[in-house]
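Chemist:
2 protein chains.
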Amino acid sequence: MSVQVIAIDAMGGDFGPRSIVQACIACLSVTPSLHLTLVGQPSLLEELISSHSAVDRSRLTITPASEVISMSERPSHALRSKPDSSMRVALELLRDGKVQACVSSGNTGALMALSRHVLKTLPGIDRPAMVAAVPTQTGYCQVLDLGANVDCTAEQLFQFALMGSVAAQALGIARPRVALLNIGTEDVKGNQQVKEAAALLQAASGLHYIGYVEGDGVYRGEADVVVCDGFVGNILLKSSEGLATMISSRLEAVFKRTLFSRCVGALALPLMRRLQADLAPARHNGASFLGLQGIVIKSHGSAGAQGFQSAIERALIEIHEDLPKRLHGRLEGLLP
Amino acid sequence: MSVQVIAIDAMGGDFGPRSIVQACIACLSVTPSLHLTLVGQPSLLEELISSHSAVDRSRLTITPASEVISMSERPSHALRSKPDSSMRVALELLRDGKVQACVSSGNTGALMALSRHVLKTLPGIDRPAMVAAVPTQTGYCQVLDLGANVDCTAEQLFQFALMGSVAAQALGIARPRVALLNIGTEDVKGNQQVKEAAALLQAASGLHYIGYVEGDGVYRGEADVVVCDGFVGNILLKSSEGLATMISSRLEAVFKRTLFSRCVGALALPLMRRLQADLAPARHNGASFLGLQGIVIKSHGSAGAQGFQSAIERALIEIHEDLPKRLHGRLEGLLP
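Protein sequences, first through last, are from chains A and B.
Just so we're aligned: 79 in the working numbering is position 79 of the first sequence, and the numbers increase by one with no gaps anywhere.
Just so we're aligned: 1267 in the working numbering is position 267 of the second sequence, and the numbers increase by one with no gaps anywhere.
#1: Count the other CB atoms, across all protein chains shown, that sit within 10 Å of the CB of THR61/A; report buried if there are 16 or more and exposed otherwise.
#2: Using a beta-carbon distance cut-off of less than 7 angstroms, what residues from the region 147-160 of chain A approach chain B?
#3: Is there a C-beta anywhere in chain B that falls below 8 angstroms from the one on VAL143/A?
#4: Can you give me the start and stop residues for the beta strand (DSSP E) that GLY1040/B sits inside?
#5: Looking at C-beta atoms only, is the number of pairs between the region 159-173 of chain A and the region 127-138 of chain A that lie closer than 8 angstroms three or more?
#6: In whole angstroms, what separates the C-alpha of VAL1055/B from that of ALA1174/B?
#7: Which value, in whole angstroms, describes the spacing of the CA atoms of GLU365/A and CYS102/A?
#8: Does the region 1290-1300 of chain B come close enough to the region 1090-1107 of chain B that 3 or more CB-CB pairs lie under 8 angstroms?
#9: Return the CA-CA distance between THR245/A and LEU1251/B, expressed in angstroms with no decimal places.
#10: Under the rule that 16 or more other beta-carbon atoms within 10 Å means buried, what is GLY329/A, buried or exposed?
#11: Kindly list, in the order they appear in chain B, the residues whose Cβ is closer than 8 angstroms to that of MET112/A.
#12: What alpha helix (DSSP H) runs, 4 residues minimum, are completely inside the region 1138-1187 of chain B?
#13: Given a threshold of 16 other Cβ atoms within 10 Å of its Cβ, counted over all protein chains shown, does HIS117/A qualify as buried or as exposed?
#14: Taking 7 angstroms as the limit between beta carbons, can you name the residues of its chain near ASP1084/B, skipping five residues before and five after?
#15: By DSSP, does THR1245/B sit in helix, in strand, or in coil?
#16: Classify THR1037/B: buried if its beta carbon has 16 or more other beta carbons within 10 angstroms, exposed otherwise.
#17: Under 7 angstroms Cβ to Cβ from ALA315/A, same chain only, skipping five residues before and after it: list those, please.
#18: In three-state DSSP terms, what is HIS1052/B?
#19: Considering only C-alpha positions, which residue in the set VAL89/A, SER51/A, MET71/A is nearest to GLN41/A?
#20: So ILE20/A packs on ILE8/A, CB below 8 angstroms; how close in whole Å?
#21: Quick one: grab the DSSP three-state call for LYS1195/B.
#22: Would a check of beta-carbon distances place GLU1214/B closer than 8 angstroms to chain A?
#23: Establish whether the CB of TYR209/A and some CB of chain B are separated by less than 8 angstroms.
#24: Have a look at MET1087/B and ASP145/A and give me their C-alpha separation to the nearest angstrom.
#25: Name the DSSP beta bridge partners of LEU79/A, please?
#26: Please name the residue, chosen from PRO1123/B, SER1310/B, ILE1317/B, that lies closest to GLY1333/B on a Cα-to-Cα basis.
#27: Output, in sequence order along the chain, the residues in the region 1160-1190 of chain B whose CB is closer than 9 angstroms to any CB in chain A.
#28: Does SER1104/B come within less than 8 angstroms of chain A when only Cβ atoms are used?
Now the structure itself:
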């Protein structure tokens, strides 16, 4: 039986180590081939583990790390001044081949900076991108970048398109339709980076570039891969989460008004709740950092134990697919 | 009785002159103090008018213009090469004081470029911004810019914040909470323009700046005015429209499955449809160009006659509020 070993940055995230340890123990009980090493302050982690019963300690180890990166810390500071942070030590375990993936719910900017520094990117890739699946009228769409890269050059957008296409293929879409997110579909629309990226994609062979898609086109399912810079992607994702929540609560308010509508609500609300969870894939399932020499999953800071558990499951899928190797092989053929 | 005179760019938009003429005649019948001049090709417009009965031609005139700006035309081309376009002639009527507002459903970029060129901006304002109201958990929020300015400097974002605050006050909010749209609420988050705009807003007196708001915070109603560049604002608005449509159609599909759920649907669907219309204010009501020496309303290209009628009504409100003068007065006190 093959074994999966994952390093867990146990100190990051809004909820702290308690819910991370809880998520880890839940995953271990579900997946017998899984081994986890919690990276962080040993005494604290031992205490949290000891509050759970029947933990298979042969599959749950602790790797000491004395420092913690806070959620508001500057990435440059985390990189320069904290050689023994839980995040960094977890990434070093991955770099040294001691684990097959790393999961963190810590500071996104710091995770990005440290991942690049410790693991390095794949040949031909300048910066990793965060990707997650967004539901559409016809299925799902991979959107990247979701916030790891605030400003992007045309070349970076081009690389994101290549990575997104390969990732979508790994997820079972034979010929992913790749589009650039823009404020219009005419050639003259958009900023300079987007226009230049369009020219690069038009000239590229080996991927199915379909042109520009607008904000509403994303949800109409016009593309399988939607490419944008991290600022725009983050606003798209979070505003969608906010809107879905607002629609849910407006519907709930109406459905609570009368007896009849309470019956109606019994039908409509579960659907709305499922949709809401569906619309927050990065929050619930973790987002993947594509383009690194290793598997790094970012669990949403406010996701709690359930979200962290989903992020570990996502790491397991990427280990099974051997995604970085697959990306590397395809990129060699695609990049100029 | 005071009279309102509005110039209509009768040749622009996806639906063309027919639905524009229809909208104009509907508005004239509702508002007896309204006078409209249709700007465009006289023979075509006369023919369209003659297909309607009982039109009060004393309040509906035609101003000839021989050229039309297409939806995909480069703004620079429209500016340089078409001195007699319907859009330009309509704006010149406004500049010359012959009308009090101008409404167009034509090419947004061209309308922006021509408005700036013909009307000029208010003192202290570099570029006009497009603003529309977005519904939130607690009411409405003015979002700007919605696509007129693809790239923005910190100074422009600062000016948008001032204009949005004044516009929100004109709409009845005594002390509008002004926020910058960003990918996090911590100080270190965001791109350079947003960080610099935050510093400018923190130092400004006379407006209630509350800091950063994230995509989900917009819909939670955390601010009355949300400021962003036109690329981000356009993606926010259009993706919200797309998501609302997707949620509606998913709910419809569920509600159509059984007899009971069809009854349920009778309750839920009107609510969803209202929300959908509510989420497309720029599409349905027109967006206002703030910061010009004159009132210019952009009706959404695909809005049809109903949308164009709403845009004329919006122009009437701004004429009543004398919004440019009000903005000018407040800006004098607020700008450095």
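Don't be surprised by glycine CBs; every beta carbon is placed ideally from N, CA and C.
These figures come from a predicted structure and were not determined experimentally.
Modeler: The structure says:
#1: With a threshold of 16 other beta carbon atoms within 10 Å, THR61/A falls short and is exposed.
#2: GLY147, VAL150, ASP151
#3: no
#4: 1034-1040
#5: yes
#6: 42 angstroms
#7: In the structure displayed, chain A extends from 1 to 336; residue 365/A sits before or after that span and is not available.
#8: yes
#9: 15 angstroms
#10: Around the beta carbon of GLY329/A, a 10 Å sphere encloses fewer than 16 other beta carbons of the protein chains shown; the residue is thus reported as exposed.
#11: Per Cβ cutoff of 8 angstroms: no residues; MET112/A is ~12 angstroms from chain B at best.
#12: 1154-1170
#13: exposed
#14: For ASP1084/B, same chain residues with a beta-carbon under 7 angstroms away, outside a window of 5 residues either side, are ALA1065, SER1066, GLU1067 in chain order.
#15: helix
#16: buried
#17: ILE6, ALA101, VAL103, ILE295, ILE297
#18: coil
#19: The option with the nearest alpha carbon to GLN41/A is VAL89/A.
#20: Going by Cβ atoms, the distance from ILE20/A to ILE8/A rounds to 6 angstroms, so yes, they are a contact pair.
#21: helix
#22: yes
#23: no
#24: 38 angstroms
#25: BP columns for LEU79/A are empty, so no partner.
#26: PRO1123/B
#27: LEU1181, ASN1182, ILE1183, GLY1184, GLU1186, ASP1187, VAL1188, LYS1189, GLY1190
#28: By this cut-off, SER1104/B is not an interface position.
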